[in-house]
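Q: Before I ask anything, let me first share the structure, which is written out below as structure tokens.
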Amino acid sequence: MVEIKANTSIYSFSPDNKPAATVQPGSVAVFETRDCFSNQIETEDQLFESADWSTINPATGPLAVEGAEKGDVLVVDILDIETAEFGVMTAVADMGAIPHLLDGSETRIIPIKDGWAEFNNELKFPIKPMVGVIGVAPAEETIPCGTPGIHGGNMDTKEIRKGTRLYLPVWQEGGLLSMGDLHALQADGEVLFCGIEVAGRVTVKVDVVKGKELATPILETESHFYVIGSAENLEEAAKVTMDWTHSFLKERTNLTNNEVGMLMSLLCDLQISQIVDPLITCRMAIPKASFSAYKISF
Ligand code: CA
Ligand code: CA
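So in this note's numbering, the last one in the sequence shown is 455, and the numbering has no gaps at all.
The structure is reproduced here in structure tokens:
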């Protein structure tokens, strides 16, 4: 089994990135990941401002999948996410969605024990590990790992967790999959601009669907499909996400445009993944059970 070490990382998703490893479709691979601070913050007296900004948001990879080429879809099954024994949160005076509510910059080290994050003596939470940054090499642009887009990237979507399947468009040979920025826990919105940032290991199985158009990343869980859309502001992110959801359902049913619209309005929750990365990310949840008559599949 291929394991890509955390020191083999990128800071931008780029068509020019060279694969760190190549595997056959159907293979399992492990990505060892640093946290979004490149593991630079280990004590509470280290503020975010002290970190080297050029190494923020590393993504381990890229992994090439043999035979994946432009116009295909890369299928990523997230088999497991292991986290380190502590995570980091930073409040930063002028960052995130609520800087006006903060008392300045602060770092918290949050111990993680037996699947629980210990915020303080009174507050402990079960962790829900997720992958913040995951994506492929874009068509032409070079996109920093901190930015989300149709290639994936910094989507900070809490549903990207163990047991889910992510579909990503392919533009470059091998797809060039990279990932990092694990969160032990993060709520929708990610309003402070971080979750419990944590190093770890992600085990995935990769596969390729040949010759299938895909406009934007789609996540499949046991119960839902999530269409994920990012744009410069919340309104636009919501719009592209709804447009792509409408197309997704239209292509997989014999419903009219109006019927799809009605069902989106009745059944499909429009959700905010994050509002703090340079672009905003929304997702729309399509409950599989409600559409069971159509046996919707990717
Ligand atoms: Ca992130
Ligand atoms: Ca993060």
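Here a beta-carbon is modelled for each residue, glycine too, at the ideal position from N, C-alpha and C.
(1) Between which residues of its own chain and K285 is the CB-CB distance below 6 Å, once the five residues before and five after are set aside?
(2) Could you check the C-alpha separation between F350 and T321 for me, to the nearest Å?
(3) Just how far apart, CA to CA, sit E239 and F282?
(4) When the cut-off is 8 Å and only beta carbons count, does P268 lie next to chain D?
(5) From A395 to G331, what distance separates their C-alpha atoms?
(6) What beta strand (DSSP E) runs, 3 residues minimum, are completely inside the region 256-341?
(7) Is E389 helix, strand or coil when you go by DSSP?
(8) Hey, could you find the ends of the alpha helix (DSSP H) V417 is sitting in?
(9) Is the beta carbon of G142 less than 8 Å from the beta carbon of I429?
(10) If contact is defined by three or more beta carbon pairs under 8 Å, each pair taking one atom from either stretch, is the region 199-206 in contact with the region 164-180?
(11) Return yes when the Cβ of M312 is within less than 8 Å of the Cβ of T438, no when it is not.
(12) Under 7 Å Cβ to Cβ from D271, same chain only, skipping five residues before and after it: list those, please.
(13) Suppose contacts are defined by Cβ-Cβ distances below 8 Å. Is T190 in contact with T165 by that definition?
(14) Just the Cα atoms here: how many angstroms apart are V361 and A225?
(15) Note down, in chain order, each residue of its chain lying with its Cβ closer than 7 Å to the Cβ of P219, except the 5 sequence neighbours on either side.
(16) Taking all protein chains shown into account, do 16 or more other C-beta atoms lie within 10 angstroms of the C-beta of Y324, making it buried, or fewer, making it exposed?
(17) Below 8 Å CB to CB, which residues in the same chain sit around F405 once its five sequence neighbours on both sides are set aside?
(18) Out of S184, Q197, G310 and P215, which has the shortest C-alpha to C-alpha gap to A163?
(19) Compare the beta carbon distance of I267 and S169 with 8 Å and say whether it is the shorter of the two.
(20) Apart from the five residues just before and just after M421, which ones in its own chain have a Cβ nearer than 8 Å to its Cβ?
(21) Please name the residue or residues paired with R358 in a DSSP beta bridge.
(22) Within the present structure, is the beta-carbon of D345 separated from the nearest heavy atom of ligand 1 by less than 7 Å?
(23) Is the closest heavy atom of ligand 2 to the C-beta of C302 under 7 Å?
(24) DSSP on A216, reduced to helix/strand/coil?
(25) The beta strand (DSSP E) that contains P444, what's its start and end?
(26) Would V327 and V232 qualify as a contact pair, given that the criterion is a beta-carbon distance under 8 Å?
(27) Does ligand 1 have even one heavy atom less than 7 Å from the beta-carbon of G306?
A: If we stick to the structure as given:
(1) L342
(2) 24 Å
(3) 16 Å
(4) Although the question refers to chain D, the structure presented lacks it and comprises just one protein chain.
(5) 31 Å
(6) 263-270, 273-275, 281-283, 287-292, 309-311, 322-326 and 334-340
(7) coil
(8) N414 to L424
(9) Any question about residue 142 goes unanswered here, given that the chain covers just 158 to 455.
(10) no
(11) yes
(12) none
(13) no
(14) 16 Å
(15) I167, N174, P176, A177, A294, L333, L334 and S335
(16) buried
(17) I375, F382, V384 and I443
(18) P215
(19) no
(20) M399, T402, H403, L406 and M441
(21) E189 and E239
(22) no
(23) no
(24) strand
(25) I437 to P444
(26) no
(27) no
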